[in-house]
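Numbering follows the numbering used here, in which position 140 of the sequence shown is assigned residue number 706; successive positions increment by one, without gaps.
C-beta: ideal position from N, C-alpha, C; glycine also.
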Amino acid sequence: MDLDLIQKLIAVMDENRLTELHYEQEGTVVRLSRQSGASAPSASPGSSPDASVEAVGEPSQALEEEGVFLVKSPLVGTFYRRPSPDADWFASTGDDVNEETVLCLIEAMKVFNEIKAECSGNLLEILLEDGDPVEFDQPMFRVKTG
Numbered sequence: 567m568d569l570d571l572i573q574k575l576i577a578v579m580d581e582n583r584l585t586e587l588h589y590e591q592e593g594t595v596v597r598l599s600r601q602s603g604a605s606a607p608s609a610s611p612g613s614s615p616d617a618s619v620e621a622v623g624e625p626s627q628a629l630e631e632e633g634v635f636l637v638k639s640p641l642v643g644t645f646y647r648r649p650s651p652d653a654d655w656f657a658s659t660g661d662d663v664n665e666e667t668v669l670c671l672i673e674a675m676k677v678f679n680e681i682k683a684e685c686s687g688n689l690l691e692i693l694l695e696d697g698d699p700v701e702f703d704q705p706m707f708r709v710k711t712g
C-alpha cells in the first residue's frame, strides 16, 4: 500500500473537514472514514492495495421523494457552481436541465471535474454553496423529473 497516497488523502480529509473519502485509481481502492470529532482515520493492519479502511459514519438526512432525482457527488473535493469566480452559474434553481447539462465542477487534487445532471427535469434545489467541501455520494442537487 502506498503510504504517501494515504497521507495525502488524509490531508485532503483534514483540510476539507471530511468524515469520509473514497478513492479509486488503476485497481487501487481506498475508503477512509472517521466519526465526527475524530482526529484522523486509521488503516487496518495488513491492508492490501484494494482493501478498504472503513468506520461507521453519521446517517445522512433523507432528501429523496418520488419524482425527484438526487444528483450525488461521484468523488470527494470542493464544489464549484461556476467555471471561474467572475463567470455565471452553470445552473440555477428553476432551470430546465437534461443529461448533458453541466451543473457544477468538483475540484479534487487540483483536477476540475464537470458534473452533469444525469437526467432531464427542472432543478428544484441546490444543496451546497459555491466553495463548499463535498463528500463521496453526498447529494448536491434535487431535480424534479416527473
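Cut-off 7 Å between Cβ atoms - residues of its own chain near residue i, not counting five sequence neighbours on either side
{"i": "residue 542", "result": "Residue 542 is absent from the model: the chain starts at 567 and stops at 712."}
{"i": "residue 654", "result": "648"}
{"i": "residue 683", "result": "637, 663, 664, 665, 667, 669, 709"}
{"i": "residue 713", "result": "With the chain covering 567 to 712 only, the question about residue 713 has no answer from this structure."}
{"i": "residue 685", "result": "635, 665, 709, 711"}
Own chain, CB closer than 6 Å to residue i, minus 5 neighbours either side, in chain order
{"i": "residue 661", "result": "689"}
{"i": "residue 676", "result": "none"}
{"i": "residue 578", "result": "none"}
Rounded distance between the beta-carbons of residue j and residue i, thought under 8 Å
{"i": "residue 641", "j": "residue 702", "result": "6 Å"}
Own chain partners of residue i with C-beta closer than 8 Å, once the 5 adjacent residues on each side are dropped
{"i": "residue 673", "result": "643, 644, 646, 679"}
{"i": "residue 658", "result": "689, 692"}
Residue i versus the options, residue with shortest Cα-Cα distance
{"i": "residue 692", "options": "574, 583, 653, 634", "result": "634"}
{"i": "residue 694", "options": "570, 666, 638, 588", "result": "638"}
{"i": "residue 704", "options": "631, 573, 575, 588", "result": "588"}
{"i": "residue 651", "options": "574, 659, 600, 696", "result": "696"}
Contact under 9 Å by Cβ, residue i with residue j
{"i": "residue 709", "j": "residue 687", "result": "yes"}
{"i": "residue 597", "j": "residue 581", "result": "no"}
{"i": "residue 699", "j": "residue 584", "result": "yes"}
{"i": "residue 712", "j": "residue 590", "result": "no"}
- [ ] For the segment 638 to 682, list the beta strand (DSSP E) runs that are entirely contained and at least 3 residues long, ordered along the chain.
- [x] 643 to 646, 668 to 674, 677 to 682
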